[in-house]
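Heads up: the structure comes next, in structure tokens.
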Amino acid sequence: MRKLLEVKSLTVHYPGEGNVIEDINLTIGYKEIIGIVGESGSGKTTLVRTIMNLLSPLAEIRSGEIYFEGKNIRHYNKEQWRSLRGNDMAMIFQNPGSYFNPIMRIGKQFVECIQSHKKLSKVEALDLAKETLVKMNLHETDRVMNAYPFQLSGGMKQRVAIAMALALEPKLICADEPTSALDVLTQKQIMDELMLLREHFHTSIIMVTHNMGGAAYMSDKMMVMRNGSVVEHDKTDKVMTQPSTIYTQELLAAIPHMKG
Ligand SMILES: Nc1ncnc2c1ncn2[C@@H]1O[C@H](COP(=O)(O)OP(=O)(O)OP(=O)(O)O)[C@@H](O)[C@H]1O
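Residue 1 is where the sequence shown starts when you use full-length UniProt numbering, and the numbers rise one by one after that.
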């Protein structure tokens, strides 16, 4: 497997909280999807925010290195990060509303986002935006582009947010609970769309979620975190059928099953 991202012995500390993640190792290949699961406060968000260099200034990386395509990105400067984020890596958050300027039409925000990273004319950026919206199953592109964020449902906003990330063709998407604010049907649709992206764009995805069933559905590998440490990290089939820790067994037992 060709490595896209490698996290080595990562430890992050918050004052007053101690080490909130400790000695984390993680490797993601090209086109691979990894699901990171674990209870609230286990350090999932801290891990992906560290990878994306989006940690709170209070946090301190006590040890560890992060390699992206073989380059150590931990000590990149602001300019290098600006280029890496967007062009090569993108993050999708739980609340899509927080991406958007509430008083600017979606289309203007989308075109500005594309033009800030790619040398394209306004017309070319507009075409790319619409093309990417269709890939995210938003077919009424004119209506979406002319809308203000409040005029779209949560699911539509999340699709637009994913489309904005995608238009820049990142190699890695870190998605932090991207579907947990959405209804069950929309959750499933967005998971399916993310899986298709991997097929079409060869995007690797880190999917942080509380939803063990959703992670299992989407991912090739799963990592289970507890109290800042990794308790299980293996191929998804293995984790689901032969979990090696009691904690993972408990998480599996808690997955709701449909009757009938
Ligand atoms: N900005 C911060 N300042 C201080 N402590 C923080 C900060 N952000 C996170 N923490 C602490 O780090 C620990 C891990 O939190 P984190 O958000 O990474 O967990 P999580 O697994 O993503 O949880 P959730 O599933 O609830 O989002 C928690 O104890 C939390 O209190």
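Every residue, glycine too, gets a C-beta built ideally from N, C-alpha and C.
Under a 10 Å Cβ-count criterion, ASN211 is classified as buried, with 16 or more other Cβ atoms of the shown protein chains found around its own Cβ.
Cβ contact annotation for HIS13 (same chain, cutoff 6 angstroms, sequence separation greater than five): ASN19, GLU60 and ARG62, in chain order.
The beta carbon of MET136 lies closer than 7 angstroms to those of ARG159, ILE162, ALA163 and GLU193 in the same chain, with the five residues before and after it left out. For SER116, the secondary structure class from DSSP, reduced to helix, strand or coil, is helix.
Within the chosen limit of 7 angstroms, ligand 1 does not reach the beta carbon of HIS200 with any heavy atom. Collapsing the DSSP output to three states places GLY35 in a strand. Distances taken from the Cβ of THR46 to the heavy atoms of ligand 1 include one shorter than 7 angstroms. Annotation for THR186: GLY155 place their beta carbon closer than 6 angstroms to its own, counting only its chain and skipping 5 residues before and after. Around the beta carbon of MET104, fewer than 16 other beta carbons lie within 10 angstroms, which makes this residue exposed.
When distances are taken from the beta-carbon of SER180 to the heavy atoms of ligand 1, even the shortest one reaches 7 angstroms or more.
In this structure, GLU17 has its beta carbon less than 7 angstroms from a heavy atom of ligand 1. DSSP, reduced to helix, strand and coil, places MET212 within a helical segment of the structure shown. For MET223, the number of other beta carbons within 10 angstroms of its own is at least 16, and it is reported as buried. Exclusion of the five residues before and after GLY38 leaves LYS44, VAL224, MET225 and ARG226 as the residues of its chain whose Cβ lies within less than 7 angstroms of its Cβ.
Shown here for HIS202: same chain residues with a beta carbon closer than 6 angstroms to its own, the five before and five after excluded, namely LYS31 in chain order.
Distances from the CB of VAL134 to the heavy atoms of ligand 1 are all 7 angstroms or more. Counting of Cβ neighbours within 10 angstroms places MET1 among the exposed residues, the total staying below 16.
Between ASN77 and the set TYR247, GLU17 and ASN53, the nearest pair of CA atoms involves ASN53.
In this structure SER204 is in contact with ILE28, their Cβ atoms being roughly 5 angstroms apart against a cut-off of 8 angstroms. Taken atom to atom, the span from the alpha-carbon of HIS75 to that of SER9 is near 16 angstroms. Burial is judged here by how many other beta carbons sit within 10 angstroms of a residue's own beta carbon; LEU26 has at least 16 and is buried. When Cβ pairs closer than 8 angstroms are counted between the two stretches, the region 165-177 is seen not to touch the region 143-152, the count staying below three. Contact check for ALA90 against PHE110 fails: the beta carbons are separated by 8 angstroms or more.
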